[in-house]
Amino acid sequence: MRRREFVALLGGAAAWPLAARAQQTAMPVIGFFHSATPEAFADRLRAFQQGLKHTGFVEGENVSIVYRWAENQSDRLPVLAADLVRRRVAVIAANSSTVLPAKAATTTIPIVFLVAEDPVRTGLVASLARPGGNLTGINLVSGELTAKRLELLIGLVPGIARIAVLVNPGAPLTEITLRDVEPAARGMGLQINVLNASTSHEIDAAFATFVDRRPDALFVAGDIFFTSRRVQLAVLAARHGIPMTCGTREITEAGGLMSYGSNIVDANVQLGSYVGRILKGAQPADLPVMQASKMELVINRQTARALGLTVPDKLLSLADEVIE
């Protein structure tokens, strides 16, 4: 073989790995789209990454994640959704507040949601078994738990008649939350007073009304904004001596009285697993919407004592965790 031909052959051989790498699929990119801040939800993010790992994906090794946090500014959601679409991410992971802007931004990129309300009622999917379209995900079924939360509250706080219901008017699912809580409260003989808050200042203002109206208890709607402001809520509830029930354990851990709802950490593991399945080729239209698999009752006994309440033995036996 002549020297020139031999050198050319070596050059071609050296190029083979480069050509092979060029033909390989680039590292997939996930768009993680959340309405709050990363500091307030570090445990949920770790759970999401754990779910990805269950399906063989590790951030920085074989998958990349682009994070878009709205920092509780709802007006930013359409812009952030459009940015993820423009980046052509492989799949978008969205929470209750971000899923509708994501859905409005794309009909082709798969969207995996973690939502508190029935996704069929809200028009996200055609059915739970066969979602259709480009969306599927996890349903926390918090709306269906509203009556149970009120029942547990009555069992812990005897003689209550007036309840303040704190909602975020800017949240897309607030109307549905009110449709659930109002008839449930009436059925139990409770009067409700709806208070709106979408900023920290408005939370302060809502609690200021307690001086005049003096409700017997506070029902905090299941909204990610309130979870991000859990310390503020717990401090104000303690200051006003108001028993507070909510749907997420984080608020109870911060000092709320009681929570009953889905295990959020476990649900975020499920969210990550579903995203991983889509990265492996599953179609959202064919993946049934999963119901959150774990419900938990958490009671803060320390807060109960501060409020002068004795937790009945029946509730203690039902509780998944009692904070002492």
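With the working numbering applied, the sequence shown covers 218 to 541. For glycine and all other residues, C-beta sits at the position ideal for the given N, C-alpha and C. Please read all numbers here as calculations on a predicted model, not as lab measurements.
Per DSSP, what kind of secondary structure is F250 in: helix, strand or coil?
strand
Select from T391, G458 and V308 the residue whose C-alpha is nearest the C-alpha of F249.
V308
Please list the segments of the alpha helix (DSSP H) lying wholly inside the stretch 285-368, counting only runs of 4 or more residues, in order along the chain.
294-303 and 316-322
What residue range does the beta strand (DSSP E) around G478 cover?
M475 to S479
Considering only the alpha carbon of each residue, which of R263, V411 and I328 lies closest to A502?
I328
Does the beta-carbon of L496 have 16 or more other beta-carbons within 10 angstroms, so that it is buried, or is it exposed?
buried
Span of the alpha helix (DSSP H) holding N419?
Per the sequence shown, residue 419 should be read as Glu rather than Asn. Run containing E419: S417 to A425, per the alpha helix (DSSP H) assignment.
Starting from Q500, trace the alpha helix (DSSP H) both ways and give me its first and last residue.
Here Q500 belongs to no alpha helix (DSSP H), and DSSP marks it neither H nor E.
Looking only at its chain, what residues have a beta carbon closer than 8 Å to the beta carbon of R430, apart from the 5 residues adjacent to it on each side?
R379, A381 and N410
Name the residue from I371, N312 and H457 whose alpha carbon lies nearest to the alpha carbon of N485.
N312
Would you kindly report the start and end of the unbroken beta strand (DSSP E) that includes M441?
At residue 441 the sequence reads Ile, which differs from the Met that was named. It is not in any beta strand (DSSP E) - I441 instead sits in the alpha helix (DSSP H) that spans I441 to S445.
Measure from the alpha carbon of V278 to the alpha carbon of each residue in W286, R285, L269 and Y284, then state which is nearest.
Inspection of the sequence shows that residue 278 is occupied by Glu rather than by Val. Comparing Cα-Cα distances from E278 to each of W286, R285, L269 and Y284, the minimum goes to L269.
Would you mind stating whether I282 and Q487 have Cβ atoms separated by less than 8 Å?
no
By Cβ distance below 6 Å, which residues in the same chain neighbour A523 in space, the five residues on each side in sequence not counted?
none
Touch test, the stretch 499-513 against the stretch 443-454, Cβ-Cβ under 8 Å, three pairs minimum:
no
Whose C-beta lies closer than 8 Å to the C-beta of G350 among residues of the same chain, with five residues either side of it excluded?
T324, V342, A343, P501 and A502
To which residues of the same chain is E467 closer than 7 Å at the C-beta, ignoring the five residues directly before and after it?
T444 and R447
By Cβ distance below 6 Å, which residues in the same chain neighbour N480 in space, the five residues on each side in sequence not counted?
K511 and E513
Just verifying my parser: in three-state terms, what is the DSSP assignment at A379?
The question names Ala, but residue 379 in the sequence shown is Arg. In the structure shown, R379 sits in a strand (DSSP, three-state: E or B).
Please list the terminal residues of the continuous alpha helix (DSSP H) segment that includes I516.
Careful: I516 lies outside any alpha helix (DSSP H), inside the beta strand (DSSP E) at M512 to N517.
Reducing DSSP to helix, strand and coil, say where F265 ends up.
helix
Nearest-angstrom beta carbon gap, A454 and L435 [assumed within contact, 8 Å]:
6 Å
Spatially closest choice to G200 from G387, P336, S476 and E368, by CA coordinates
Beyond the ends of the chain as shown, which are 218 and 541, falls residue 200; an answer cannot be given.
Range of the contiguous alpha helix (DSSP H) that encloses A402:
T391 to G404
Of the residues V337, S417 and R347, which one's Cα is nearest the Cα of L357?
V337
Under the three-state reduction of DSSP, which class applies to A239: helix, strand or coil?
Bear in mind that the predicted position of A239 carries a pLDDT of just 38, short of 50, making it unreliable; the figure below should be weighed with that in mind. A239: helix per DSSP, three-state reduction.
Here's the rule I'm using: 16 or more other beta-carbon atoms within 10 Å means buried, otherwise exposed. How should Q240 be labelled?
At Q240 the pLDDT is 37, less than 50, meaning the model places this residue with poor confidence and gives no usable figure here.
A434 bridges to which residues according to DSSP?
I380
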